[in-house]
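Scroll down for the structure; my scribbles are underneath it.
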Amino acid sequence: MAKMNMLQAINDALDLAMAANDKVLCFGEDVGVFGGVFRATSNLQQKYGKDRCFNTPLVEQGIIGFANGLAAQGSFPVAEIQFADYIFPAFDQIVNESAKFRYRSGNLFNVGNLTIRTPYGGGIAGGLYHSQSPEAYFAHTPGLKIVVPRNPHQAKGLLLASINDPNPTLFFEPKRLYRASVGEVPEGEYQLPLGEAEVLKEGTDVTVLGWGAQMEVIDKAVEMAEKEGFSCEVIDLRTILPWDVETVAESVLKTGRLVITHEAPLTGGFAGEIAATIQERCFLYLESPIARVTGMDTPFPLVLEKEHFPNHLKVYEAIRESVEF
Amino acid sequence: MAKMNMLQAINDALDLAMAANDKVLCFGEDVGVFGGVFRATSNLQQKYGKDRCFNTPLVEQGIIGFANGLAAQGSFPVAEIQFADYIFPAFDQIVNESAKFRYRSGNLFNVGNLTIRTPYGGGIAGGLYHSQSPEAYFAHTPGLKIVVPRNPHQAKGLLLASINDPNPTLFFEPKRLYRASVGEVPEGEYQLPLGEAEVLKEGTDVTVLGWGAQMEVIDKAVEMAEKEGFSCEVIDLRTILPWDVETVAESVLKTGRLVITHEAPLTGGFAGEIAATIQERCFLYLESPIARVTGMDTPFPLVLEKEHFPNHLKVYEAIRESVEF
Amino acid sequence: MTTTKSKTVYTPVFTDGAEYRIPTFKLLKQDGSLYKGGKAPDIDKEKALRIYHAMVTTRVLDERMLGAQRQGRLSFYMQCTGEEAAIIGSTAALDDADMIMAQYREQGALAYRGFTIDEFMNQLFGNEKDYGKGRQMPVHYGSSKLNYMTISSPLATQIPQATGYAYGQKMAGDGHCTIVYFGEGAASEGDFHAGLNMAAVHRVPAIFFCRNNGYAISTPADEQFAADGIAPRGFGYKMDTIRVDGNDILAVYQATEAARKLAVEENRPVLIEAMSYRLAAHSSSDDPSGYRSKDEEAVWREKDPILRMQNWLTKKKWWSEGEEKELQERLRREVLETMKRAQKLPPPPLETLVTDVYDEVPPLLSAQFEKLKAHIRKYPDEYPKSAIHVQGGA
Amino acid sequence: MTTTKSKTVYTPVFTDGAEYRIPTFKLLKQDGSLYKGGKAPDIDKEKALRIYHAMVTTRVLDERMLGAQRQGRLSFYMQCTGEEAAIIGSTAALDDADMIMAQYREQGALAYRGFTIDEFMNQLFGNEKDYGKGRQMPVHYGSSKLNYMTISSPLATQIPQATGYAYGQKMAGDGHCTIVYFGEGAASEGDFHAGLNMAAVHRVPAIFFCRNNGYAISTPADEQFAADGIAPRGFGYKMDTIRVDGNDILAVYQATEAARKLAVEENRPVLIEAMSYRLAAHSSSDDPSGYRSKDEEAVWREKDPILRMQNWLTKKKWWSEGEEKELQERLRREVLETMKRAQKLPPPPLETLVTDVYDEVPPLLSAQFEKLKAHIRKYPDEYPKSAIHVQGGA
Ligand SMILES: Cc1ncc(C[n+]2csc(CCOP(=O)(O)OP(=O)(O)O)c2C)c(N)n1
Ligand SMILES: Cc1ncc(C[n+]2csc(CCOP(=O)(O)OP(=O)(O)O)c2C)c(N)n1
Ligand SMILES: [Mg+2]
Ligand SMILES: [Mg+2]
């Protein structure tokens, strides 16, 4: 075990993956000698050479197109998109290409080796274009896996699993936690399962569900709620696609209540999908409407970021309203 | 009134818009002398000249980038994307640019004059890339309006409203109905309201909700259901974003049941958003879980298209199950 | 940073490069003789006939399948008529283990590599033997055995993918390269810019082969770009570039052979622009009479690349009228017989709806599939193709 | 279709255009004298001083605001140090009613057009007077009055937008053009290719102004492209192209003036590549010592464009040391005073969270806003900036 922040854990995972398999390549804007604008790829070029860790030209559609080709060839590309807000020029390559490569070819070809890493989320005074949480844009796309870690330990294990998973995987890194989240991380290689939510805390009154940086917000909210005597079950979804319906449904069958929170705007956010599925699965057991605590239906603001944000107070209020419904 | 198919109605709307305002321009791949691969822009170049109706180079991100600039300048661009499946290279220009232009500039600039037309949907043996219904990909984007007409009369009135609406509007045309849907269409200019769902048929047992080409499917299913004695209320959502929560909620408060259908895959589809919202709004009135009848969570297939499709039988079954729950 | 070694001027002179025209490389005249100064590449009789056979196969297949489409036996078809030399000449200059990433009009490359008529037909009819499992529209072929990447409809996406694929080949050090085909229309996409620029920067063994056939559906090349074709873009990437007469099998072959050397031996990517003409309609859904004249087509019909090669073969005494007749007849027969066979084969089984989305079918999709099967069991007559797959089962 | 008038060759010759180098246009030496053969553009004293004033303003603003960022008064800042001549020289050659679509490092253009220090500060501090209503990060300026499109962070998106904007200007026939600024890094994006190709095809009055400053954050230009800069790409679009010394105010001015003539009078879009160097860090979040040497920077510090212009002005006797000192001091004082003022202004009112998403706030968003207000009323201490806006209200 070693104490690491999330960036160090990610860097460690990349380092181990590159050491274990010389077909693993890391690239993207500024990831080479500089080690990425957040330094997630620090020292990898120095260690594994310019052929295996390199800067690309500034073109996201090219980075992912290039990565798709590499993955089809049999390499293990780990492509970085500098900010999740800048992943949209690559939307076609991800949604029409990566996701459909295997299906359309009848499994003659696939890009399962592909991993795309990108920092997402607010809380860093980033305004419209350094704050977005675009996971739901991709979650409508069969063929992709989408993973979001909540802390350094999870980040390392889930990233290694994403790199090794035989499906194209989008790995969203909560950049607000890059340096802020510090914790014990096992040394050496280990993988955490994709497609499995994790129950972090058992409870009986209400299930509180989130992913990524929102798990910290949930912790604070739940602390407030428990002080009021509400027993909360806390779940980290971890994999957004394909998501773990069973674990969530099982919890809600027990608690009868569900509060979901994410940073992205409400409308079309992934909480909607979860709510729709769970109201169907748990209809007769629901004691209050499923609540969503999310960003507002606006672009991400700057000065009024705090007001816009689904913070612990808003989550706490939703928990309270859900239990007292 | 004149009998028209949907293509003729759309062509008529474009013709009227161009006649009324010489700042209205129509462009896209093959829309010039050829009139578009579906002929929606037939004769417009001949009538209004090459400056106002023209072919663009084959580059969707450029078409929409160009259109954004034109709209900001004060023109009224009506850009065509040849198939909705090919809109993704323009995703960044639509989601990061069109949608956020007004907000980010504090309303100094806007692209409200922009309209994007594109044929969507299955049922024409188009396979993965000539069948998609991508409305939900855009519905997570505050700042956009999204409109889908169900027949020629609606198409003309909603398209004219979209062109004149002071917000960037995506207009998805159900290509399966282009020639198949024929009906009476008023002559001259008229607009149908954006942001308003339409109750097509009143009923008491269950609300059945859809948009675009699915409205035909719903009609057939409802016919079967009514024969079994189920009284159905039928709603065409018409505008996906911002959507008309009130009309849907009011209906469900009355019927206590809701079946939603769309062609796109289930997970992350817009039915999820509607279900999540309505279960919250109508919690105490719901007599059965909200049901979604959608495409499967796969890319769009070809030979087995019929099996994949949310057809009238599947919608009928969902209505039955909902009422008999 | 760029250290510009360019010279200095003291008056503002603009240039659009017009004075620097890229020439067209040609070897073979229409009558089968060589241009003065031209030297035929080193192609022996066996190879020449393999090429020619692939060209004729492609032409016959195209004619017959368009006919089949017109009769309603097939939903869709795309011909490559007029462009056989560009496609087959370039593929023939490669190693059969080199990767091909095509746009959609390159069936000739597959024919050359040995894709059988059966294999073509199975894809066209989407039957149970289609490698693509009946999921894509006709002409979306693929063959891992023949190193031919399955076609994807979205244009130009394969271009940066080819750059990545070639980078992988370079890393593997296997001495292979990737050729990527695209139309002059597709070259307008952002992915074109991305793919070529990255290839030049990362020095990958890739050949970017542009089929400039004058049209993108109805859009003529002069509404696609203002420049003199695609070749001048090579300057912008500092990429070795050549323009070649696309109807000239020998020139295409020789240019591609030389390009492959640069790519594989020096990791220098190459841009080839083959000037040709799309003699047929864009696809079976298109009617060119709305946007171009018969006269224009006639000019190009005179430059038929297959006839040109036939004339060369005849001059070399490698081919006779009798052989031509026999080949044509045999191919026509084969196509017809194979078509009948392929049409009769059943569609892919129901489970192919949900396989290959992921490596394994995830639980939610599995549940959707079970629901579908139950539904089909309830309405077997409505799903005649699939009902047999769900009988009795869970 | 393309009718290629290119000549024919009979051997396969590849070209990457290396033999055809685009020269660099220069007028002014560092000491303020003109190169032999160079002729200064027609700039009178008033205009020259307007330009110079804007350059110094920009430099002072940049220095002070970086300082303010370092002191924690500002979250973020971006300097354009070293590139003032490229930006201001080009803007000055335009009509003030021409549209400017910038990347983010072009505050000099705004300074030239008359954006006041107050206006800069209001944006930087996102206060209630910020035209952008405090929604975007610092340096995302915009001014409809000054025809300066609000900055958008996603790179290169403004390039095809400029093509469209200019098309609209051409249709309006108002005799105006659009200039669009972008870095040599942003020029790798697909949107660059789209914007330039469409501009050439549709013949729009647009000037594509590339600031080649050697770096895109840490990525040096030679890892961005293999070619000799961006200018050779003009060939691929058949666009009038010129390369200019970006630190040479006179050359930039003259080139842009000539470009504007082509654009406005002949609807010929122009590509200008200005060779310069980003003397400062990429932004306040960056530290260049990780990727480039002080020596390299020193070479460029010797080419300071402001000093170069000052030397020219001095030679013309249009400027004196005393005036320089006074200007510098006045500007420093003004910046400091204005900063204090701007910092004290309250943030934009709470309702700016939800306005301008659409022309009107839609019902669902309105409901979200009401809920937010109720929440803030419940926890006023947690939202100190906004609590005053919700007191007592519904
Ligand atoms: C991204 C995308 N946009 C549009 C289309 C529709 N489309 C199919 S083929 C075609 C024209 C392609 O022309 P070109 O690249 O010149 O190839 P050619 O057909 O001439 O061989 C178009 C517009 C598509 N398949 N993909
Ligand atoms: C689409 C997109 N990708 C990535 C970024 C992050 N980013 C901001 S500035 C920059 C470098 C830009 O370099 P260049 O265009 O040369 O301009 P310069 O900073 O040198 O003026 C990058 C990668 C972005 N803003 N937008
Ligand atoms: Mg073509
Ligand atoms: Mg730069």
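Protein chains in written order, with our numbering: chain A, 1 to 325; chain B, 1 to 325; chain C, 1 to 394; chain D, 1 to 394. The beta-carbon is built from N, C-alpha and C at its ideal position, and this holds for glycine as well. Here the structure is a predicted model, which is why all the values come from computation and not from measurement.
Practice item. Tell me whether Lys373(C) is buried or exposed, calling it buried when 16 or more other Cβ atoms sit within 10 Å of its Cβ. Key: Under the 10 Å beta carbon count, Lys373(C) is surrounded by 16 or more other beta carbons and is classified as buried.
Review point. Using the beta-carbon of each residue, which ones in chain D are nearer than 7 Å to Asp42(C)?
Key: Ordered by position in chain D, no residue passes the 7 Å Cβ test against Asp42(C), which lies about 13 Å from the chain.
**Study point:** Proximal residues of chain C, C-beta to C-beta of Gln61(B) below 7 Å
**Key:** Gly190
Review point. Cβ of Pro384(D) less than 8 Å from any chain C Cβ?
Key: no
Check your understanding: Of all the residues that make up the region 149 to 165 of chain A, which are near chain E by a beta-carbon distance shorter than 9 Å?
Key -> Looking for chain E here will not work: the only protein chains present are A, B, C and D.
Practice item. Say whether chain D places a C-beta atom closer than 8 Å to the C-beta of Phe91(A). Key: Cβ-Cβ to chain D under 8 Å: no for Phe91(A).
Review point. Whole alpha helix (DSSP H) runs in the region 209 to 280 of chain C with 4 or more residues, listed along the chain?
Key: 233 to 237 and 249 to 266
Exercise for review: Report the neighbours of Tyr48(B) on chain D: residues whose CB is nearer than 7 Å to its CB, in chain order.
Suggested key: For the C-beta of Tyr48(B), not a single chain D residue is nearer than 7 Å; the gap to the nearest is close to 12 Å.
Practice item. Answer yes if the region 27 to 37 of chain A comes into contact with the region 182 to 198 of chain A, meaning at least three C-beta pairs across the two stretches below 8 Å, and no otherwise. Key: Too few Cβ pairs lie closer than 8 Å, so no.
Point to revise | Partner residues on chain D for Thr56(B), Cβ-Cβ distance less than 9 Å | key: Met198, Val201 and His202
Practice item. Specify, as a first and last residue, the run of the alpha helix (DSSP H) that Asn5(B) falls within. Key: Run containing Asn5(B): none in the alpha helix (DSSP H); it sits in the beta strand (DSSP E), Ala2 to Asn5.
Review point. Who does Val259(A) pair with in a DSSP beta bridge?
Key: As computed with DSSP, Val259(A) is found in a beta bridge with Val208(A) and Ala291(A).
Practice item. Going by CA-CA distance only, name the one from Thr239(B), Ser288(B) and Thr56(B) that's closest to Thr169(B). Key: Thr239(B)
Check your understanding: Looking at the C-beta of Arg330(D), does it have a partner C-beta in chain B at a distance below 8 Å?
Key -> no
Check your understanding: Any heavy atom of ligand 4 closer than 7 Å to the Cβ of Asn197(C)?
Key -> no
Review point. Thinking just about the alpha-carbon of each residue, which of Cys26(B), Gly188(B), Leu58(B) and Pro57(B) is nearest to the one in Asn43(B)?
Key: Minimum Cα distance to Asn43(B) is reached at Cys26(B).
Check your understanding: Candidates Gln73(A), Asp51(A) and Gln82(A): which alpha carbon is nearest Arg60(A)'s?
Key -> Checking the displayed sequence, the identity of residue 60(A) turns out to be Glu instead of Arg. If we check each option's Cα against that of Glu60(A), Gln82(A) comes out closest.
Point to revise | Amino acids of chain D, ordered along the chain, whose beta-carbon sits closer than 9 Å to that of Thr241(C) | key: At a C-beta separation below 9 Å, Thr241(C) has these neighbours in chain D: Phe14, Thr15, Asp16 and Gly17.
Check your understanding: Applying the criterion that 16 or more other CB atoms from any shown protein chain within 10 Å of the CB defines a buried residue, is Pro138(C) buried or exposed?
Key -> Classification of Pro138(C): buried, given that the 10 Å Cβ count is 16 or more.
Exercise for review: Indicate whether at least one CB of chain B lies closer than 8 Å to the CB of Glu174(D).
Suggested key: Reading off the sequence, residue 174(D) comes out as Asp, not Glu. Not closer than 8 Å to any Cβ of chain B, the Cβ of Asp174(D) fails to qualify, so no.
Check your understanding: Does the Cβ of Arg278(C) lie closer than 7 Å to at least one heavy atom of ligand 6?
Key -> This structure simply doesn't include ligand 6; it includes ligand 1, ligand 2, ligand 3 and ligand 4 instead.
Exercise for review: Please go through the same chain and pick out, in chain order, the residues whose beta-carbon is closer than 6 Å to the beta-carbon of Ser386(C), but skip the five residues on each side of it.
Suggested key: Leu350 and Ile376
Check your understanding: Would Arg301(C) be called buried (16 or more neighbouring beta carbons within 10 Å of its own) or exposed?
Key -> exposed
Exercise for review: List the endpoints of the continuous alpha helix (DSSP H) containing Arg64(C).
Suggested key: Lys45 to Arg70
Exercise for review: Give a yes or no on whether 8 Å exceeds the smallest Cβ distance from Gln161(D) to chain B.
Suggested key: yes
Exercise for review: Could you check what DSSP says for Met171(D) in three-state terms: helix, strand or coil?
Suggested key: helix
Exercise for review: Look at the Cβ atom of Leu271(C), then the Cβ atom of Leu196(C), and state whether they are nearer than 8 Å.
Suggested key: yes
Practice item. Could you pull out every residue in the same chain whose Cβ sits closer than 7 Å to the Cβ of Tyr48(A), ignoring the five residues on either side in sequence? Key: Met18
Check your understanding: Does the beta carbon of Tyr181(C) fall short of 7 Å from some heavy atom of ligand 3?
Key -> no
Exercise for review: Would you please verify whether the beta carbon of Tyr35(C) is less than 8 Å from any beta carbon of chain A?
Suggested key: no
Check your understanding: First and last residue of the beta strand (DSSP E) that includes Glu173(B)?
Key -> Thr169 to Pro174
Check your understanding: Would a check of beta-carbon distances place Lys175(A) closer than 8 Å to chain B?
Key -> no
**Study point:** For Phe120(D) and Gln254(D), the rounded distance between their alpha carbons
**Key:** Cα to Cα, the separation comes out at about 28 Å.
Check your understanding: So Thr41(A) is in the beta strand (DSSP E); what residue range does that whole segment cover?
Key -> That residue, Thr41(A), is in no beta strand (DSSP E); it is neither H nor E in DSSP.
Practice item. Please list, in chain order, all residues of the same chain as Phe369(C) whose beta carbon is under 6 Å from its beta carbon, the five residues on each side excluded. Key: Val354
**Study point:** Local conformation of Val217(B) per DSSP, three classes
**Key:** helix
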